[in-house]
Structures are given as C-alpha cells and as structure tokens.
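**Student:** Just so you know, the sequences run in chain order A and B.
As numbered in this note's numbering, residues 0 to 342 make up the first sequence, in order.
As numbered in this note's numbering, residues 295 to 962 make up the second sequence, in order.
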Amino acid sequence: MSRKICLFASAILALFSAQAIGVGAEDFYKGKTITFVVGFAAGGGFDTYTRMIARHFGKHVPGNPSTVVENMTGAGSLVAANHIFNKADADGLTIGNWIGPLVLQHILGNPAAKFDGRGFGWLGVPTPDSGVCALTAASGIKSPEDWLNSKRPIKIGATGPGSTTDDVPKLLREALKLPIQVVEGYKGTARIRLAAEAGEIDGGCWAWQSIKPTWAKGVESGKVHIVLQSMLESHSELKHVPLAAKYAKSEEARDLLKVADGPYGVLARPYSVPPKTPKERLEILQKAFMATTKDAELLAEARKAKLDFTPVDGPTVAKLVNELYDLKPAVKDRLKKIILPKK
Amino acid sequence: MVEMLEAFTEGLFLVFAWKTFSLMLVGIAVGFAVGILPGLGGPVTLALMLPFIFKMQPVEAFGFLLGMSSVTATTGDITSILFGIPGEAITASTIVDGHPMAKKGEAGRALGAALMSSLVGAIFGAFCLAIAIPIVRPLVLSITSPEVFMLAMLGITFLASLSGEAVIKGLGAAALGLMFATVGLDPISGIERYTFGTLYLWDGLRLVPATLGLFAIPEIIEMAVKGTSIAEAQVGRLGGVLEGVKDTFRHWKLVLRCSALGAYIGVIPGMGGSISQWLAYAHAVQSSPNKERFGKGAVEGVLGPGAANNSTLGGAMIPTIAFGVPGSVVMAILLGAFIIQGLVPGPPMLIPEREGGHLTLTFSFVWIVVVSNIITVAICFLFLSQIAKITYVRGSLVIPFILLLVYLGGFAENNAFEDLLVVLFFGVLGWIMVQLDWSRPPLVLGLVLGPLAENNLFLATDNYGLGWLKFRSVLFILGLIVIGTLFPLFQRWRENKNRPEPLPGQEPKKPVPVSPWAPVFGVALALVFAWALWQGRDWLFRTRLFPWAIGIPGLALVFMQLVLDVSGLFKGRGAGLAERRDERAALVRRRTTAISGWIIGYFLTLWLLGFSLGVLLMTFLYLKLAGREPWSITLALTLFAWISFYGIFGYGLHVPFPKGLLLQWLGV
Numbered sequence: 000m001s002r003k004i005c006l007f008a009s010a011i012l013a014l015f016s017a018q019a020i021g022v023g024a025e026d027f028y029k030g031k032t033i034t035f036v037v038g039f040a041a042g043g044g045f046d047t048y049t050r051m052i053a054r055h056f057g058k059h060v061p062g063n064p065s066t067v068v069e070n071m072t073g074a075g076s077l078v079a080a081n082h083i084f085n086k087a088d089a090d091g092l093t094i095g096n097w098i099g100p101l102v103l104q105h106i107l108g109n110p111a112a113k114f115d116g117r118g119f120g121w122l123g124v125p126t127p128d129s130g131v132c133a134l135t136a137a138s139g140i141k142s143p144e145d146w147l148n149s150k151r152p153i154k155i156g157a158t159g160p161g162s163t164t165d166d167v168p169k170l171l172r173e174a175l176k177l178p179i180q181v182v183e184g185y186k187g188t189a190r191i192r193l194a195a196e197a198g199e200i201d202g203g204c205w206a207w208q209s210i211k212p213t214w215a216k217g218v219e220s221g222k223v224h225i226v227l228q229s230m231l232e233s234h235s236e237l238k239h240v241p242l243a244a245k246y247a248k249s250e251e252a253r254d255l256l257k258v259a260d261g262p263y264g265v266l267a268r269p270y271s272v273p274p275k276t277p278k279e280r281l282e283i284l285q286k287a288f289m290a291t292t293k294d295a296e297l298l299a300e301a302r303k304a305k306l307d308f309t310p311v312d313g314p315t316v317a318k319l320v321n322e323l324y325d326l327k328p329a330v331k332d333r334l335k336k337i338i339l340p341k342k
Numbered sequence: 295m296v297e298m299l300e301a302f303t304e305g306l307f308l309v310f311a312w313k314t315f316s317l318m319l320v321g322i323a324v325g326f327a328v329g330i331l332p333g334l335g336g337p338v339t340l341a342l343m344l345p346f347i348f349k350m351q352p353v354e355a356f357g358f359l360l361g362m363s364s365v366t367a368t369t370g371d372i373t374s375i376l377f378g379i380p381g382e383a384i385t386a387s388t389i390v391d392g393h394p395m396a397k398k399g400e401a402g403r404a405l406g407a408a409l410m411s412s413l414v415g416a417i418f419g420a421f422c423l424a425i426a427i428p429i430v431r432p433l434v435l436s437i438t439s440p441e442v443f444m445l446a447m448l449g450i451t452f453l454a455s456l457s458g459e460a461v462i463k464g465l466g467a468a469a470l471g472l473m474f475a476t477v478g479l480d481p482i483s484g485i486e487r488y489t490f491g492t493l494y495l496w497d498g499l500r501l502v503p504a505t506l507g508l509f510a511i512p513e514i515i516e517m518a519v520k521g522t523s524i525a526e527a528q529v530g531r532l533g534g535v536l537e538g539v540k541d542t543f544r545h546w547k548l549v550l551r552c553s554a555l556g557a558y559i560g561v562i563p564g565m566g567g568s569i570s571q572w573l574a575y576a577h578a579v580q581s582s583p584n585k586e587r588f589g590k591g592a593v594e595g596v597l598g599p600g601a602a603n604n605s606t607l608g609g610a611m612i613p614t615i616a617f618g619v620p621g622s623v624v625m626a627i628l629l630g631a632f633i634i635q636g637l638v639p640g641p642p643m644l645i646p647e648r649e650g651g652h653l654t655l656t657f658s659f660v661w662i663v664v665v666s667n668i669i670t671v672a673i674c675f676l677f678l679s680q681i682a683k684i685t686y687v688r689g690s691l692v693i694p695f696i697l698l699l700v701y702l703g704g705f706a707e708n709n710a711f712e713d714l715l716v717v718l719f720f721g722v723l724g725w726i727m728v729q730l731d732w733s734r735p736p737l738v739l740g741l742v743l744g745p746l747a748e749n750n751l752f753l754a755t756d757n758y759g760l761g762w763l764k765f766r767s768v769l770f771i772l773g774l775i776v777i778g779t780l781f782p783l784f785q786r787w788r789e790n791k792n793r794p795e796p797l798p799g800q801e802p803k804k805p806v807p808v809s810p811w812a813p814v815f816g817v818a819l820a821l822v823f824a825w826a827l828w829q830g831r832d833w834l835f836r837t838r839l840f841p842w843a844i845g846i847p848g849l850a851l852v853f854m855q856l857v858l859d860v861s862g863l864f865k866g867r868g869a870g871l872a873e874r875r876d877e878r879a880a881l882v883r884r885r886t887t888a889i890s891g892w893i894i895g896y897f898l899t900l901w902l903l904g905f906s907l908g909v910l911l912m913t914f915l916y917l918k919l920a921g922r923e924p925w926s927i928t929l930a931l932t933l934f935a936w937i938s939f940y941g942i943f944g945y946g947l948h949v950p951f952p953k954g955l956l957l958q959w960l961g962v
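(1) When you check each C-beta in the segment 71–93 of chain A against every C-beta of chain B, which residues fall closer than 9 angstroms?
(2) For chain C, find out if any of its Cβ atoms is closer than 9 angstroms to the Cβ of residue 766(B); answer yes or no.
(3) Once the 5 residues before and after residue 896(B) are set aside, which same chain residues still bring their CB inside 6 angstroms of it?
(4) Going by C-alpha distance, which of 102(A), 176(A), 43(A) and 35(A) is nearest residue 150(A)?
(5) Rounding to the nearest angstrom, what Cα-Cα distance links residue 732(B) and residue 888(B) in this structure?
(6) Residues of chain A with CB under 8 angstroms from residue 493(B), in chain order?
(7) If you draw a straight line from the C-alpha of residue 574(B) to the C-alpha of residue 488(B), how long is it?
(8) Tell me the DSSP secondary structure of residue 631(B) in three-state form.
(9) Looking only at its own chain, which residues have a Cβ that is under 8 angstroms from the Cβ of residue 136(A), when we skip the five neighbours before and after it?
(10) Would a C-beta distance cut-off of 9 angstroms place residue 36(A) and residue 96(A) closer than the cut-off?
(11) Can you tell me the Cα-Cα spacing of residue 535(B) and residue 937(B), whole angstroms?
(12) Three-state secondary structure (DSSP) at residue 131(A)?
(13) Leaving out five residues on either side along the sequence, give the residues of the same chain with a beta carbon under 7 angstroms from the beta carbon of residue 753(B).
(14) Three-state secondary structure (DSSP) at residue 648(B)?
(15) I want to verify the contact list: residues of chain A whose CB lies under 7 angstroms from the CB of residue 756(B), in sequence order.
(16) Establish whether the CB of residue 446(B) and some CB of chain A are separated by less than 9 angstroms.
(17) What is the rounded straight-line gap between the Cα of residue 525(B) and the Cα of residue 494(B)?
(18) Pairs of beta-carbons, one from the segment 313–323 of chain B and one from the segment 666–674 of chain B, closer than 8 angstroms: are there three or more?
(19) Residue 156(A): which of 28(A), 46(A), 99(A) and 203(A) sits nearest, CA to CA?
(20) Tell me whether residue 84(A) sits in a helix, a strand or coil according to DSSP, three-state version.
(21) Beta-carbon of residue 120(A) versus every beta-carbon of chain B: anything under 9 angstroms?
(22) Since residue 649(B) meets chain A, which of its residues come closer than 7 angstroms, beta carbon to beta carbon?
(23) Do the CB positions of residue 856(B) and residue 816(B) come within less than 9 angstroms of each other?
(24) At 7 angstroms on the CB atoms, spell out the chain A contacts of residue 347(B), in chain order.
(25) Which residue comes first and which comes last in the beta strand (DSSP E) that contains residue 271(A)?
(26) Quick one, are the C-beta atoms of residue 769(B) and residue 813(B) less than 9 angstroms apart?
(27) If you follow the alpha helix (DSSP H) that residue 825(B) is in, where does it begin and where does it stop?
(28) When Cβ atoms are compared, which residues of the segment 184–198 of chain A fall closer than 9 angstroms to chain B?
(29) Could you tell me whether any Cβ in chain B is nearer than 9 angstroms to the Cβ of residue 110(A)?
(30) Go through its chain and collect everything with a Cβ distance to residue 353(B)'s Cβ below 7 angstroms, but skip five positions before and after it.
(31) Exposed or buried, residue 282(A), counting other C-beta atoms within 10 Å across all chains shown (16 or more means buried)?
(32) Among residues of its own chain, excluding the 5 on either side of residue 695(B), which ones have a beta-carbon nearer than 7 angstroms to its beta-carbon?
(33) Name the DSSP beta bridge partners of residue 37(A), please?
(34) May I ask you to report which of helix, strand or coil DSSP gives residue 460(B)?
(35) In whole angstroms, give me the CA-to-CA distance for residue 821(B) and residue 850(B).
(36) What's the call for residue 871(B), buried or exposed, on a 16-neighbour Cβ count within 10 Å?
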C-alpha cells in the first residue's frame, strides 16, 4: 500500500518537475520579447552588430520570442552596464551589450562602475576587435611618422572612460608618446564620425570591425586614412597599415600595448545577462547566441554589410573576464594613472 | 541630388505600407476629434499618445503622431467657426470672421473656405520642409558641438521669452527643466546625481510621465472646474460649402502668401501657430481694399489664418529635424518622440539610410502631413453636419477616459509604478505653474534638450577649453539669444508708453494682483536650485559642469522673480483678496478639491487593487458619482473603457501590470 502511495507520489512529483522544466525552457520564451540594451548610439558598430543579431536571435531560442533593440547611451556604455547589473530583471529577457573593457574600470576602482564583472552571465562575443586609428584627410596625418612629428595634439574623439575609443588612444599616448588630445563625451562612434567630418576633431581609435561597415564611404573615398593598428598582430585586410608595436621603444611600452590588445580585443563587444539569471535560461541564451552567429541568413546579410563574425562563446568570455581580476598590482597602478577619469 | 529624389519618392512608399497607413488613420481619427473638442488641445493629446509609440517602428510612430498633430489645426477651425470658441489654441483667429459668418447663415461657406485653405496651407508647409532639407543639409553637417549647445540654448530662450509676458518666469522654468534633466547617472562618467540613493532615479526623470503630469493633469482639473458641456450653441443648416472652396481659389494669392508666412513663422524657434494665425489675419486685413468688412464676416479673414496655422507645422519641423531646436510646444513633445525612437535630430536625419542616417524617414514626414490632411479634409466635406455634433459631448464623460490614458500611459512606457508618482509630482507642479502664471513649455523643452545640451557643453569644453566662447558662430547665436530675450521686454515697454490715457469715467488699468502664494513658490524653487548646487560640490568637474552652468543662472532668475513678486505683493496689497471671497471662487475651490481627490484616489486605487480592477471601479465611480450619469451610459462607458484598456495594453501590448497591493496582502 505504502509502496503504491510512494509510486503515485513520485509520479506526480515527476509530472510537476517535468512541467517545471518545461516552464523553464520552451514555454517560458513563447510569446515573450527579449530586449537587447545597447550602450551606444544608433548607427555605430555596437548598434549595427546588435540589430543584426537581434533580427535572427529569436529563431534560435525555443519558443521563438520576438526581439527589440534599445539604445541606452551614456558614459561610454557604463550607464547600460550598471543598468544590466543592478536594475534589469534577471529573468533572461534582457540582454546587455556594452563595451567589455569597462570591467577594468571596476578592477581599477572607478566608483562609477557599480558592478562586478564576475557576476554577469556571459553569452559570448560575435567577433574580437582589431583596434585601429582612423584620421581624416583634413587632419594632414597619413602615417605614424606624421603623427609623431605633429606640432599640435591630434584630437581624438571618444565616448567615455573604459571604452576602446578612450583608453586605447590614452595607452598609445603613453606608450608611443604620440601627441593626442582625447575629446570625451560622444554617444558612440556614429557621433565621432560626424564630428570628424565636421572638422571638430581629427578622428578616432576603435575597431576596424566597426569602421568597415559604418565608415566605408570615408575610407574608400580617401577622406579617412587608417593610420595605425593598436593590436599586436595585423588584421588580414590591413597588412599595409603599420602596427603600433613597431614604434614601441621600451619593454614597458610593449606591456601597455599588450593591455590594449587584450580586453580591448577579444572582450570588446560581449553580450551579457544580469547576475542570478536562472542557469537553464542562461544556457539557452548562450546556445542561441552561438547558433545565431552561424545562422546562414545572418551570414549572408553580414557579408553584404561587411560585418565580421568569428564568435567567442560565453564560457570562454567568462574565463577571460575572471582572469582580468588577477591583474598584477604594479600593472594596475600604472593603468589607474592612464585610464581612470581625473577631472 | 539623385539620392535626395530617391529618398523623397521612397518616403511616399513608406507612408503607404499598410501598418504605417493604418496607424496614421488612427492618429488622424484621434487628431480629428481632439481638434474639434475645445479644451483638449494638440499638445496635451500628443503627450497622451507618446506612450503608445514604444512598440512601433519610427515611420509608424511618426505616421501616428504627425497624422494626429497635422489635422488638429484643420478640424479646430470647425469649432471656432460654428461656436465662436477655439477648438485649438491655434485656431482662435478663425473666430473673428468665421463665427460672424456662421451667425449670418454662411456657416457652410466659412467652413468650406477654412477647410480648403487649411489643405492648401498644410501642403505648402510640407513642401517647404521638403525643399528645405537639401538646402540646410550642408549647414547642419558642418555644425560643431559649441554651436549645438548654443542652438539648444537659443531654442529654450526663444520659447521662454515668448511664453506670455513674464520672460524671467519663462527662463526660470526652462532652467528648472534643464535641472530636472540632470537627475540620474551622469552621461559622461556615470556618477549618480540627485538620485536619493534609489535605483529608480538612475534613468532620470522620464519624459512621458513628466509631460503627462505637466499638461494633462491641469487640463483635467480645468475641465472639471468649468463643469459645463463643451458647446452650448445650436448649429443651423450648413449650406454653401462649395462657395467657400471657390473663395479659396478666388483669393489664391492671399492663401499662398499666408501659407508662406505661416511656414516662415514656424521656422523661427519659439514661434508657432498661435502667432502665425494672427499675423496672417493681420495681413489679410491689411492687404484688403475694404477693411471695414473684417470682424463682420469677411471670408478673407478665414482664409488667411486657415492657411497659416496649417503651414506652420511643416515650417516648424525644419529646425526640429535639422538642428534639434523645436519651434513650438508640439515640436518640443515631438522631439521627445524622436528620443524615444532612438533618433537624434540633426545631421543623422539628413543622411541617406545606407550611410546610417534617416533621410527617407525625414521625407516620409512630408508625405504624412500631406496625405493625412487630404484624408481629413475629404472626410470633413463628406460628414460636415454630423461632425458638428461632437461638440455636445459633456466634459464629465471625457474626464475618466483622460485619467485612464494618463495613468496607463505613465505606467506602460516603462512598466514602472514609480512613474505614476512622477506623473503626480509633475501634475502638482504643472497645476501650481498654471495658477501662478508660469509657462510650462520651456520646462518640457528643458527636460527634452537637457541631455543634448549637457553632452555638447561638455564636448565643447573638453575640446576647446573656454576658447569656444570666442567662436564667431557662438557669439552670433549669443547675440540672437540676447535680442530674443530683450525684444519682448522692449515691446511691452513700448506698448505701455503708447497706451492712451484712460477716458474720463473709465478706471485706469490696475496692476495684475500677485497671488500671495507666488513668493512661497519662489522660495521653494530657490531652495531647490540652491540644494542642487550644493550637492555638486564634491563631484568631478565633468559631472558638475552642467548642473552648475544651469543652476547658477537658474537660482539668479528665480531670485529675481521672487523679488518682483514680493514687491508686487506690497504694491497691490489686498487687490487679489476681495475676489477670493465671492461665490464663484468658492465653487472653483470646491471643484478643484473634488477633482484632485479623484485624481489621487484613482492613483491609490490602482496601487491597492491593480490596474484591471482599479480601472473598472474608478471609471464606474467617476461616471456615476461625479458625472451623475444615468445607469445605461455609466455601464456602457465603463465597459468600453475597460475593454479598450484591456484590448490595447493587456492583450495587444502585453504590458505586465503589477498586482494590487491589497490583493498581494490577501494572497489572491
């Protein structure tokens, strides 16, 4: 008798738990909307990538949710990162896309970074970034030599501390003694481009992967020159552009360029969900992210739009972020002086 | 040039995508009714409609909003002519000759003339916009951050200085709006400003709940206080419509001149339809050989304003789209819609789509204005006499629906219940501002342009230090700002000087009595500014720059106004008190208290019972108790309100409504 009851009970339990799992997966996303929160303005690289990913993402999530993209600009996407960590519901319906090296701001102790990089659920990165500096023809700078010999500081447009656009030129200034004035506060690379074209600044340093689809016209027409690569290795399409490492005179300078290569490269454009998002939903989203970056329709669109897709998966991103937290104290102190906001 | 033409034609196709087109029809229907209903104006309705656009694509959103706002000036004329009360603030001038025509039995002719000239004006204005786009483009694309900052200041000061007679109050309100815009995480380094430690305020004060509170709540109170049905006069037979249409073409030169005038006035920031209509009327009088006919039913007096108040919209959109400087209240709210849609006015609006811009979208605006006006005028001609009956709707029937829209709209934008508190806060502020004669549009504009202004002020300073203050372009705009601020003051001084001596037996004009509450409000504002400045003392320079740059002049302005109020209070001592005792004042007070009770009660009910139950209960209670409607109307309208609420927000938009607090306690 008691055995029967036991069996009956466990059958009911199994039924319930099966249902619970069901709710956690397919049923949960059915009829829901996933919101992508992009930390930069529409029309820049982050926005372009996210809009393309969002268009195809729903197909790869069980239940086929719809997707919307929201631009939450401010402080070089720090506002978006803070929002995802603290405010967004951890229900697997909000995905953040802010610039990865912001994690350094937390590690270096910027009080405005109100998150811990180790807490996010990481979905992956669509492509590692290859940093370059693009200057307008009007700036008169065509080569690193021109730049090094420039009498005036070259004005580089930037978004906010912690972004590639800010930190990479600051690292280059330190490592190569390039005359640079970083002008901060643009809402994204789309605005930096417009300001450069209006002659307000001379150009900017950010990912070739973003410049290629969004500033193609400028580069092709010769109005914009790709002057320098900040990475340690050349991008396959940029063999003719000098590497910054060539101009590094000391070991210390090379160390700084290594930093510019790391978090500003592989980790530059990660997608993440708030801490405490249910594990099974995180896994669904991680799988969906990788599947989306290999989606045939997306890749066809990407070719037309000149977007690179060489994805890095979520667990790898999580591992790399955790490793950043083991930065040596000496390097930390040096970085603090270079990339934390001072005034 | 080819890409311009391409974008221009593609813009037309965008409008006829079925979803855009049907949303535009909805917008037209709303604007149609709003235009006719006096007391419910275009800006208020635009604010009420903002929350709906979140799930729409940009072109759909603007089809909806522009479709709505471009027809209010047309249907507003109908009310002005038939009843002698303005359907919209911008159709007031149509009354002067339109209503006498109606009284003479020429209502049909007046309406025909108003409708046809409106159509001509609207199309003219829209094409001004289309032509302006390629012309202003090079100018806009070479604009730099110091100039953007100065243009934002120009728009704000113009709007402030034209808002009534009190320039200082207008500027003070603008500064207050700019200060409100700094609440939240600072956009340059992410430091918290004025958040009181709450996560809610990280994102700042949201535009939609603030606009709803500022405009809709005082409107509801005013409607309830007036308490009458909207129109009392009777409409006779409407004949001679065709004659009015013919009049439009008989006076085609006048219509075109007034259209041009309207579009031109629209372009000037801070001036809008409420000014252009009167200038057009003045022009119609001045250009006519027999001036004595005017005011007694001259058709030219209808044609001029009819064309001008419609063409103003197209003109006003030029600076809004190209520079982010809105020319009017409607444009200020529309600018909010741009921000909601992630569109930044300025260069990106004038660059083709494949270069990351929105040129086609911009051209589609032109077509939306044209198409929606054609549709509206056609419908008006077909159903003229039925339309006139809408004005009999009682205020008490409309109020519960507006309240519903206010709270739903405030909530649904962000699905945050705290937003309703923001609605109430700005509602109280808006009501006080109306009572004490502070104009609200500069405040909204400050809130809208604050982030843009801050961003560009910082960029200018980071780039050029203080050097940007010496730029020639900056000095030029500064000159315009100074002229724009001083000109109304100068004008008033001249008017006072030229005013004829009072005739014997006629009392000299007394100074306007100052409310004893004015200094209280002034002190409160001064304290807010002082506190905000004090809070910034430990921040990084970049975080503090804008709040201080705005807060210091803000405090000075508020203080100046305070001094004026106090001295005015002593001069006109007792002048205001006598009126306060009469019966009417008591009635106003009683009704204000009652409607305030309903507004707050509605909020509390939603909080305690949740939306589904709360909406049902409060709509029913208001109609039955406050409106004293019969059971049949009460039940039918309650059901209608609830179904449309549930259909649109619950079922259509999947808005996750929170459970009522009471229900949570009971564990239901």
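Here a beta-carbon is modelled for each residue, glycine too, at the ideal position from N, C-alpha and C.
**Tutor:** Taking the definition as stated:
(1) 71, 72, 73, 74, 75, 77, 78, 80, 81, 82, 85 and 86
(2) No chain C is present in this structure, whose protein chains are A and B.
(3) In the second sequence, residue 896(B) corresponds to position 602, counting from 1. The residues are 697 and 912.
(4) Numbered from its first residue, the first sequence carries residue 150(A) at position 151. Cα-wise, what sits closest to residue 150(A) is 176(A).
(5) Position 438 of the second sequence holds residue 732(B). Position 594 of the second sequence holds residue 888(B). When rounded, the distance between both Cα atoms is 24 angstroms.
(6) In the second sequence, the residue the question calls residue 493(B) occupies position 199. The contacting residues are 85 and 86.
(7) Start at 1 with the first residue of the second sequence, and residue 574(B) comes out as number 280. Start at 1 with the first residue of the second sequence, and residue 488(B) comes out as number 194. The straight-line gap from Cα to Cα measures roughly 46 angstroms.
(8) Here residue 631(B) refers to the residue found at position 337 of the second sequence. Three-state DSSP puts residue 631(B) in a helix.
(9) By 1-based counting over the first sequence, the position of residue 136(A) is 137. Excluding residues within five positions, the ones whose Cβ falls inside 8 angstroms are 221, 222, 223 and 224.
(10) For this step, residue 36(A) is matched to residue 37 along the first sequence. For this step, residue 96(A) is matched to residue 97 along the first sequence. Yes, the pair counts as a contact, with Cβ atoms nearer than the cut-off.
(11) Along the second sequence, one-based indexing puts residue 535(B) at 241. Along the second sequence, one-based indexing puts residue 937(B) at 643. When rounded, the distance between both Cα atoms is 39 angstroms.
(12) Reading the first sequence from its first residue, position 132 is the one you call residue 131(A). Strand at residue 131(A).
(13) By one-based count along the second sequence, residue 753(B) stands at place 459. Result list for residue 753(B): 439, in chain order.
(14) Taking the second sequence and counting its residues from 1, one reaches residue 648(B) at position 354. Three-state result, residue 648(B): helix.
(15) The sequence position of residue 756(B) within the second sequence is 462, counting from 1. Neighbours of residue 756(B) on chain A, chain order: 182, 183 and 184.
(16) Sequence index remark: in the second sequence, residue 446(B) carries index 152 (1-based). With 9 angstroms as the cut-off, residue 446(B) does not count as an interface residue toward chain A.
(17) Indexing the second sequence from 1 puts residue 525(B) at position 231. Indexing the second sequence from 1 puts residue 494(B) at position 200. Bear in mind that the predicted position of residue 525(B) carries a pLDDT of just 46, short of 50, making it unreliable; the figure below should be weighed with that in mind. Cα to Cα, the separation comes out at about 44 angstroms.
(18) yes
(19) In the first sequence, residue 156(A) corresponds to position 157, counting from 1. Nearest option by C-alpha distance: 203(A).
(20) Locating residue 84(A) in the first sequence gives position 85, counting from the first residue. Residue 84(A) falls in the helix class under three-state DSSP.
(21) The residue labelled residue 120(A) in the question sits at position 121 within the first sequence. Taking Cβ atoms only, chain B never reaches closer than 9 angstroms to residue 120(A), which makes this a no.
(22) Stepping through the second sequence from its first residue, residue 649(B) is reached at position 355. Simply 216.
(23) The residue labelled residue 856(B) in the question sits at position 562 within the second sequence. The residue labelled residue 816(B) in the question sits at position 522 within the second sequence. A contact, by the Cβ cut-off of 9 angstroms.
(24) In the second sequence, the residue the question calls residue 347(B) occupies position 53. The premise fails here: residue 347(B) is roughly 13 angstroms from chain A at the closest Cβ pair, so nothing lies under 7 angstroms.
(25) Position 272 of the first sequence, counted from the start, is the residue given in the question as residue 271(A). Element bounds for residue 271(A): 270–272.
(26) Position 475 of the second sequence, counted from the start, is the residue given in the question as residue 769(B). Position 519 of the second sequence, counted from the start, is the residue given in the question as residue 813(B). Contact flag unset, no.
(27) The residue you call residue 825(B) lines up with position 531 of the second sequence. Residues 811–829.
(28) 184, 185, 186, 189, 190, 192, 193, 194, 196, 197 and 198
(29) Numbered from 1 along the first sequence, position 111 holds the residue referred to as residue 110(A). Yes, because at least one Cβ of chain B sits closer than 9 angstroms to the Cβ of residue 110(A).
(30) Mapped onto the second sequence, residue 353(B) falls at position 59. Correct list, in chain order: 308, 314, 655 and 658.
(31) The residue labelled residue 282(A) in the question sits at position 283 within the first sequence. Answer is exposed; the Cβ neighbour count stays below 16.
(32) The sequence position of residue 695(B) within the second sequence is 401, counting from 1. 935.
(33) Position 38 of the first sequence, counting from 1, holds the residue named residue 37(A). In the DSSP output, where bridge partners are listed per residue, residue 37(A) has 70(A) and 96(A).
(34) The residue given as residue 460(B) occupies position 166 in the second sequence. In this structure, residue 460(B) counts as coil in the three-state DSSP scheme.
(35) As a working mapping, residue 821(B) is identified with position 527 in the second sequence. As a working mapping, residue 850(B) is identified with position 556 in the second sequence. Rounded to whole angstroms, residue 821(B) to residue 850(B) spans 12 angstroms at the Cα level.
(36) If you number the second sequence from 1, residue 871(B) lands on position 577. Note that residue 871(B) has pLDDT 48, beneath the 50 cutoff, so the model's placement of it is unreliable and no number is given.
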